[in-house]
Amino acid sequence: MTKPLNLDKVELLIARAVQGRNLEQENRALREQVEERYGLENIWGDSAALHEVLDTIRAGRALISQCAHRRRKRDGQGVGCTRHS
């Protein structure tokens, strides 16, 4: 912040922060609604065998994500970046 304090700038910064926080909360709520409505559990039945398959898929997805994250860190790339050959 610069001195003297510019109240208009402070007000704008606070408004942007509040708006960003509200958007994050709205996004989180909408993602939860989509997952509840269209998640894997709602596509198929409710058998124990199906739950076992879905748990395996989730574990595999998490494992792949972790491996990709570690590889990017090891290769010096930022997380979320893709390598183009």
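For the sequence shown, numbering that gives the first Met the number 0 begins at 0 and goes up steadily by one. We treat Cβ as the ideally placed atom computed from N, Cα and C, and that holds for glycine.
What is the DSSP secondary structure of residue i, counted as helix, strand or coil?
{"i": "Gly75", "result": "coil"}
{"i": "Leu49", "result": "helix"}
{"i": "Ser84", "result": "Here the model assigns Ser84 a pLDDT of 39, short of 50, so the residue's position is not dependable, and the following value carries that caveat. Looking at Ser84 - three-state DSSP - the assignment turns out to be coil, as it is neither helix nor strand."}
{"i": "Gly19", "result": "helix"}
Measuring straight from C-alpha to C-alpha, what distance separates residue i and residue j?
{"i": "Leu12", "j": "Gln18", "result": "10 Å"}
{"i": "Arg69", "j": "Asn21", "result": "32 Å"}
{"i": "Ala61", "j": "Lys2", "result": "48 Å"}
{"i": "Ser84", "j": "Glu31", "result": "Confidence is the limiting factor: at Ser84 the pLDDT is only 39, short of 50, which leaves the residue's position unreliable, though a coordinate-based value still follows. Whole-angstrom Cα-Cα distance: 36 Å."}
{"i": "Arg27", "j": "Arg15", "result": "18 Å"}
{"i": "Val33", "j": "Glu10", "result": "34 Å"}
Identify, in the order they occur along the chain, each residue of the same chain with its Cβ nearer than 8 Å to the Cβ of residue i, setting aside the five sequence neighbours on each side.
{"i": "Ala67", "result": "none"}
{"i": "Glu35", "result": "Asn41"}
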